[in-house]
């Protein structure tokens, strides 16, 4: 079951060409990721402060199928995929709130689990594994 | 009566010093402004496309009374003030969602009404005057 | 021959996890793209105002091989690739200024040439074809 | 003597209204502040990592006198002002590179010196006092 996150496209998300600035599309997807963590009671602030684990993005990709404009109300469908004990991927599909048939943007982020002080890979903690399972899609 | 807008502080809003990056505080206030316009059925996308009027910010100011951290859930109270037929101000107060007593951030933006092609000042349209009245505070 | 663009990593590019925020890596690459257009005397402001052509990004991808920190001085090597008469790609490699051996970040953007009013694909103009040729890499 | 910093206005700095997004004006000023620190051999990354001191902005203000467009080449003149042993201000004036007579944007940030763990005010270190002196303007 995907996690869903809705928000508006704001002026700050657009550029002088009149549509969404491409890198802002990735930022908006990351908001959905943070909301999905919060929905599983994973406290990002605490993770950052404790400095035991970090989940940096090692790869990001985004495809714009249709333009997004200032004021548009969008929904992001987020699904997860465990890759191995130290790595996972998050997939995002953006729709207009009123039309869940037409995908506007597709994106994906790949995250690794590291010790932030030593910057070496470590196993994903149980809380993250549970979150991954909650939003994983069979295919 | 103030307009209220709530959202979370996301990772993209913070910097390596661990708290909100100051200019992002202004962006978040501007989101509240856009939501308040939308709540009065003012269509920012249409305004931008028609190019009859623009409402650029000529002055912005922000005071950080207390730090905001990644993951914090905040509410912005927005109020308006008509300055003259071609200029208005918007005031913002940021609180934690759970604690409306303690102001964390105060901000203000001053906007002028212009013809975007000629970049000269023109009178505010009725829809904006009505929006200003809806959220104006007596004092 | 690649186009080269250097700049510092600023606080606004980082997040509370202490390193560059991933989507900012894409923004920095886009700055290199804009500087390379300017170096070929292509005026982006004029293109946007004339509204005859737009070159939106239809796909972006980025790989973080090593972290970037606040204050780091980086150089981006930009190369181009003509895909067909209406589409091109730009490749980016980010290094520390003092060390051009170790790639820190790789990124790529795919752009299409469109009529911005009708949002249909049109042929790339000569100025863009010349710019593509200037920074194209044989391989 | 002011510190000078030049850069271009990029697409990411603009919004769908066609000019610079107001909060980005503050970000660009902060880049000038970071460059001026670097010019005085103050290492922001080290300051952040050591966590002995932080210099958060408690107040920011910006005035837009004239619009900035995508592609514009600007110069920022930065000057400093010691307020007391725990507080300073930075003033910014933005010009077109080719025209130092006409101020386009004025901005100011107020910073306090704090212990980032306890978040209480502490005295400014000598390196910052020296940097303040280097760019302070008599008036």
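Chains as they are written, first to last, in the working numbering: chain P, 97 to 235; chain R, 97 to 235; chain V, 97 to 235; chain Y, 97 to 235.
For every residue, glycine included, the Cβ atom is placed at its ideal position computed from N, Cα and C.
Computed from a prediction, not measured in an experiment: that's the story for all the values here.
Asked                                                                                                                                             : Found
Closer than 7 Å to chain R by CB, residue 150 of chain Y                                                                                          : yes
Reference residue 204 of chain Y; option with closest CA among Y:109, Y:123, Y:198                                                                : Y:123
Beta-bridge partners of residue 203 of chain Y, as assigned by DSSP                                                                               : Y:158, Y:188
Test: residue 178 of chain R CB closer than 7 Å to a CB of chain V                                                                                : no
Extent of the continuous beta strand (DSSP E) to which residue 105 of chain P belongs                                                             : Where residue 105 of chain P is concerned, there is no enclosing beta strand (DSSP E), given that its DSSP letter is neither H nor E.
Which listed residue (V:144, V:176, V:195, V:163) has its alpha carbon closest to that of residue 232 of chain V                                  : V:176
Span of the alpha helix (DSSP H), counted from its first residue to its last, around residue 74 of chain P                                        : This structure cannot settle anything about residue 74 of chain P, because the visible part of chain P is limited to 97 through 235.
Selected residue, minimal CA-CA separation from residue 219 of chain R, among R:163, R:144, R:126, R:180                                          : R:180
Contacts that residue 141 of chain V makes with chain Y (C-beta to C-beta distance below 8 Å)                                                     : 165, 166, 167, 168
Where residue 141 of chain R falls: helix, strand or coil (DSSP)                                                                                  : helix
Within chain Y, partners of residue 126 of chain R - CB distance below 9 Å                                                                        : 117, 118, 119
Proximity below 7 Å, CB of residue 118 of chain R to CB of residue 153 of chain Y                                                                 : yes
Burial state of residue 145 of chain Y, where buried means 16 or more other Cβ atoms lie within 10 Å                                              : exposed
Residue range of the beta strand (DSSP E) that includes residue 53 of chain V                                                                     : Since the first residue of chain V shown is 97 and the last is 235, residue 53 of chain V is not available in this structure.
Chain-ordered neighbours of residue 113 of chain Y on chain R, where CB pairs are closer than 8 Å                                                 : 144, 150, 152, 212
Reduced DSSP category for residue 113 of chain V - H, G, I as helix; E, B as strand; rest coil                                                    : coil
Chain Y contacts from the stretch 204-230 of chain P (Cβ-Cβ distance under 7 Å)                                                                   : none
Residue-chain proximity (residue 133 of chain V, chain R), Cβ-Cβ < 7 Å                                                                            : no
Start and end residues, alpha helix (DSSP H) containing residue 230 of chain V                                                                    : 222-230
Whether residue 193 of chain R touches residue 162 of chain R by CB criterion (7 Å)                                                               : no
Residue 157 of chain Y at chain V interface by Cβ criterion, 7 Å                                                                                  : no
Own chain, CB closer than 8 Å to residue 167 of chain R, minus 5 neighbours either side, in chain order                                           : 104, 105
Residue 148 of chain V versus residue 136 of chain P: straight-line alpha-carbon distance, rounded                                                : 48 Å
Cβ of residue 183 of chain Y within 7 Å of any chain R Cβ                                                                                         : no
Proximal residues of chain P, C-beta to C-beta of residue 108 of chain R below 8 Å                                                                : 123, 126, 127
Closer than 7 Å at the beta carbon, the chain R residues around residue 232 of chain P                                                            : In chain order: nothing, as chain R lies at least about 23 Å away.
Candidates Y:197, Y:156, Y:213, Y:225, of which the one nearest residue 120 of chain Y by Cα                                                      : Y:156
Residues near residue 216 of chain R in its chain [Cβ-Cβ closer than 8 Å; skip 5 each side]                                                       : 210
Bridge partners - residue 150 of chain V, DSSP secondary structure assignment                                                                     : V:210
Beta-carbon spacing of residue 116 of chain Y, residue 223 of chain Y below 7 Å                                                                   : no
Residue environment, residue 229 of chain V, which counts as buried when at least 16 other CB atoms sit within 10 Å                               : exposed
Contact with chain V by residue 160 of chain P, beta-carbon distance below 7 Å                                                                    : yes
CB contact below 7 Å: residue 213 of chain P versus chain C                                                                                       : Looking for chain C here will not work: the only protein chains present are P, R, V and Y.
Per-residue DSSP class, three states only, for residue 99 of chain V                                                                              : strand
Contacts around residue 189 of chain P, its chain only, beta-carbon distance under 6 Å, and the 5 residues preceding and following it disregarded : 173, 199, 202
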